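Count along the sequence shown from 1, then add 49; that gives the number in our numbering. C-beta: ideal position from N, C-alpha, C; glycine also. All of these numbers come straight from a predicted model, not from anything done at the bench.
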Amino acid sequence: MKLFVKNLTHVDLSYFCPVRGVLGESWQVDLVLTGKLNDESMICDFSIVKKMVKQWLDAHLDHTLAVPAQHPASQLEALDNDRVGFSFTHESGQTFHCKAPSQAICQLPMAEITADQAAAWVESQILDLLPAELEAVSIRFYPEASNEAQYQYSHGLKKHDGNCQRIAHGHRSVIEILRNGSRDKALEADWAKRWQDIYLGTEDDLIGIIEEQGVRYHHFSYVSRQGLFELITPSARVYMLDCDTTVESLAAHIAKQLAKENAGDLIEVHAFEGIGKGAIFEYKVEK
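Spelled out as structure tokens, the structure:
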């Protein structure tokens with residue numbers, strides 16, 4: 050006998066891809082439980098299991114930077130004050146570095162991170178935590194099914210009290226743009242291309258720009274409630290803003306930028322933050 054929950058929760062994170070670098074991602078989560086019926090003609094108390102799985106995901110994967118610990122180019126080191134350092138050297142010679150409190154970096158025992166492999170790892174971690182009568186648990190991670198323009202961004206919100214303060218977490222997000230009251234698919238596709246595989250940086254957090262072997266890197270660092278965070282990433286994958294990277298600020302930035310580029314048109318931006326939530330801002334620049 051099996052029980053299932055569709056769209057149990059959403060997981061927003063960034064993960065490191067050996068080819069594309071750090072990627073923001075948003076996964077929907079499906080859960081299937083296998084077991085025998087008890088005296089109450091139930092496999093288990095569904096509400097308890099759902100809560101346990103969601104709490105585990107929130108504590109161990111959501112809003113982290115997931116890294117492929119078994120890739121030969123990955124380097125992980127334990128630092129003082131329960132911090133971890135992750136470094137990666139691409140075949141091109143480009144490098145990526147992140148240092149953060151240990152709970153902000155999820156070390157996955159694999160050479161490359163996929164939704165299916167991450168789900169299988171979660172299954173192996175949580176089965177022993179669930180009620181003894183359960184025989185098996187199945188997790189499925191998958192991005193939102195959508196034909197709309199999407200971008201994948203990573204960022205950090207140092208002022209946030211929760212896990213959004215982590216310097217490298219992210220989202221896969223839909224964007225909807227209206228020009229003078231009508232959807233403009235061309236503008237949506239254009240902005241999704243601008244923010245493809247991007248790190249959204251804040252001027253206040255920029256320590257400096259480094260050049261090594263002909264490659265430029267942006268160096269970010271800040272201290273938040275969880276501790277000291279540091280990130281060094283290729284400048285070609287960075288988009289700088291003079292504001293915090295909250296979804297409210299992102300919606301306003303996109304609308305203002307597009308309004309400047311399309312003077313006389315009213316631009317309304319629906320900027321999503323992951324799945325099913327976001328902010329709306331409209332702006333117009335007179336000719």
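| Asked | Found |
| --- | --- |
| Supposed contact pair His319 and Glu352 - C-beta distance, whole angstroms, cut 8 Å | Here the chain covers residues 50 to 336 and nothing more, so residue 352 does not appear. |
| Spatially closest choice to His201 from Glu317, Gly230, Phe145, Leu72, by CA coordinates | Per the sequence shown, residue 201 should be read as Gln rather than His. Among Glu317, Gly230, Phe145, Leu72, the Cα nearest to that of Gln201 belongs to Leu72. |
| Spatial neighbours of Gly257 in its chain, beta-carbon cut-off 6 Å, leaving aside the 5 residues before and after | His268 |
| Element boundaries [alpha helix (DSSP H), containing Ile303] | 296-310 |
| Element boundaries [beta strand (DSSP E), containing Val133] | 132-138 |
| Start-to-end residues for the beta strand (DSSP E) that takes in Arg221 | 218-228 |
| First through last residue of the alpha helix (DSSP H) which encompasses Ile188 | Looking at the DSSP string, Ile188 is not in any alpha helix (DSSP H); the run it does join, the beta strand (DSSP E), is 183-191. |
| Close beta carbons around Ser312, own chain, < 8 Å, minus the five adjacent residues each side | It is Ala, not Ser, that sits at residue 312 in the sequence shown. Cβ neighbours of Ala312 beyond the five flanking positions: Val334, Glu335, Lys336. |
| Contiguous beta strand (DSSP E) assignments of at least 3 residues, all confined to the region 229-288 | 247-251, 255-261, 264-273, 276-283 |
| Contact under 8 Å by Cβ, Leu62 with Ala115 | yes |
| Host alpha helix (DSSP H) of Leu114 (start-end) | Leu114 -> not in any alpha helix (DSSP H); beta strand (DSSP E) instead, spanning 114-117. |
| Whether Ala149 touches Ile216 by CB criterion (8 Å) | yes |
| Other residues of its chain near Gln214: CB distance less than 7 Å, five sequence neighbours each side excluded | Gly205, Leu206, Lys207, Ser273, Arg274, Gln275 |
| Cβ contact (3+ pairs, closer than 8 Å) linking the region 274-291 and the region 150-162 | yes |
| Segment contact, 8 Å Cβ cut-off, at least three pairs: the region 92-106 with the region 171-188 | yes |
| Unbroken alpha helix (DSSP H) run spanning Lys103, endpoints | 95-109 |
| Backbone secondary structure at Ser329 - three-state DSSP | Contrary to the premise, residue 329 reads as Ile rather than Ser in this sequence. Reduced to three states, the DSSP call for Ile329 is strand. |
| 8 Å Cβ cutoff met for Val78 and His59 | yes |
| Where Asp291 falls, given that 16 or more other Cβ within 10 Å makes a residue buried | exposed |
| Thr144 versus Met50: straight-line alpha-carbon distance, rounded | 49 Å |
| Check whether Glu172 and Gly84 have beta carbons under 8 Å apart | no |
| Pairwise C-alpha distance: Val223 and Ala241 | 8 Å |
| Cutoff 6 Å; reference Leu227; Cβ partners in own chain excluding five residues on either side | Glu317 |
| Simplified DSSP assignment, three categories, for Val60 | strand |
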